[in-house]
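Per the working numbering, residue 64 is the first one in the sequence shown, and the count goes up by one each step.
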Amino acid sequence: SDPSYTDQLVVMTYPVIGNYGITDEDYETKIPTIGGLAVRDYNDIPSNFRYTETLSEILNEYNIPAISGIDTRMLTRIIRDEGSQRAFLTAAECPLEEALAVLRADRPRTDAVSRVSCKKKWYSRTANPRYNVVAIDCGIKHNIIRHLNKRGCNVTIVPYDTRPEEILALRPDGLFISNGPGNPEDAAPVIHTVKILKGRLPIFGICLGHQIIALAYGAKTYKMKFGHRGGNHPVKNLLTDKIEITSQNHSYAVLASSIEGTGLKITHINLLDHTVEGLSDETNRLFSVQYHPESAPGPQDSTYLFGTFIEMLETEVRSHA
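In C-alpha cells:
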C-alpha cells in the first residue's frame, strides 16, 4: 500500500505470499496504486489473527493484476544483473512478438505524483498540540503522519501543487516533504516550493522529498540500476559515526558529485554502494534522508530523525514567542 510503488510490477523474493493476509490498520494509503504483483507461491488461507482480508480480495477490489507460479529467484537475479525491466502481465497464449510490440509502444507516465497526491487539504490533529506542520503530499505514508501526531504536531496535509503563499497562510512551524513515486524531476511544483520556502521555516524531507530538496538546491538526481528495496539497508550517519539499518524503496538517487557548491552537506551514506542517504543545510534549518525512518514496515533505528525535526520546530516556536 506504499504509494511509492505506483505503476510498478513488484516481485516478491520470499517464496510463499498471502499466509499473513491483509490488515486494515497496516495500510499506508487509502487506495493501493501498485501496478502488479508477481509471486512464487500464493496461499489464500491466512493464519494471522489480525488479518481482515486476503491478498486476493484486495487485488480484486482494486483491479490489481497478479501472477503466481513464477521463478521469482531467477527473475530477481535478472533484475540484479540487468537492472529494472519494463514489463506487463498478459495471457500465456499471447504471441511473444505481439507482447513486445505492446511493450515498445507503451510510454511510461510522468504524472505519478499528481495521481497519488490528495486533491484538497486535510487535517490530522492530536491531543495537546504544540506544533503546526504542513506536509506536502507526494504520496505520503500514514505512519509518517502518526509519528508527527504523537510528537505533538497538528498536521495539515496539502496537495503537491499547493503554492508557497498558500502554505505560509496556514502559519506552519515547519514543512514536511513526503515520499512518493516516480522521477523527482516530474515534481516541479514541489521543487519550486522548496526554493521559495527554504530558510523561512524548518523543512524535513523523506525519500522523494529528499530528492526534491536536492534538486531545489541545484544538485542532480539519476535513475539507479535497480534501486533500493527492503528493510535491511545499512546506512552510516556521518555526524555520529553510527550505523543504522533502514527501510528503503526508491528508484532514483542524488548524484554525490553534484552536491558541492549547493549549500548542502552529505550527512548519511549507504554502506553497500556509497550512495547519498542524507543531506542537510543547517543555516536554513533543513534536512532530508533517502530512506524511511517511520518504519512501516522496517527497523526503528532512525525514528530519532522525527525528534530532530521536533527540536527545529521548538526553536521556531520559541523564536516567535
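Backbone N, C-alpha and C fix where the C-beta goes; we use that ideal spot for every residue, glycine too.
With respect to T225, E248 sits apart: the two C-beta atoms are not nearer than 9 Å. Straight across, the Cα-Cα distance linking V79 with A101 is about 11 Å. Per DSSP, reduced to three states, the secondary structure at L166 is helical. Beta-bridge analysis with DSSP links E116 to I85. Assigned with DSSP and collapsed to three states, G370 falls in helix.
In the three-state reduction of the DSSP assignment, H273 falls in the helix class. Between T325 and R178, the C-beta spacing is not below 9 Å. In this structure G245 touches A175 by the C-beta definition: roughly 4 Å separates them, less than 8 Å. Taking Y105 as the centre and dropping the five residues before and after it, the same chain places the C-beta of I80, G81 and S131 closer than 7 Å to its C-beta, in chain order.
Leaving aside the five residues that flank I230 on each side, the residues in its chain whose CB is nearer than 6 Å to its CB run, in chain order, V197. According to DSSP, S187 shares a beta bridge with V218. By the criterion of a C-beta distance shorter than 8 Å, N206 is surrounded in its chain by E91, E357, S358 and A359, once the five residues flanking it on both sides are discounted. Looking only at Q353, V73 and I373, the smallest Cα-Cα distance to D236 is reached by I373. Bounds of the beta strand (DSSP E) holding N195 are Y194 to D200. Between the alpha carbons of T256 and L376 lies a distance of about 19 Å.
Between D107 and T115, the C-beta gap is not smaller than 9 Å, which leaves the two residues out of contact. Residue nearest to G202 within the set P66, Y354 and E379 is P66 (criterion: CA-CA distance). Its Cα nearest to that of L260, the residue N347 stands out among V221, L327, N347 and I322. Rounded to the nearest angstrom, the Cβ distance from I97 to I127 is 6 Å, consistent with a contact under 8 Å.
P222 has its alpha-carbon roughly 5 Å from the corresponding atom of C181. Between the stretch 128 to 148 and the stretch 182 to 191, the count of C-beta pairs closer than 8 Å stays below three; the two stretches do not touch.
Here F350 is not near G146, since their CB atoms are 9 Å or more apart.
Contact annotation: Q311 and H355 have beta-carbon atoms nearer than 9 Å. Burial check for I94: the Cβ neighbour count within 10 Å stays below 16, so the residue is exposed. For N212, the CB contacts under 8 Å within the same chain, skipping 5 residues up- and downstream, are S187, R188, T189 and V218 in chain order.
Put simply, of H337, K305, D304 and H296 the residue whose alpha carbon is nearest the alpha carbon of L318 is H337. Per DSSP, L335 lies in no alpha helix (DSSP H) and is assigned neither H nor E. In this structure V165 is exposed. Its beta-carbon is surrounded by fewer than 16 other beta-carbon atoms within 10 angstroms.
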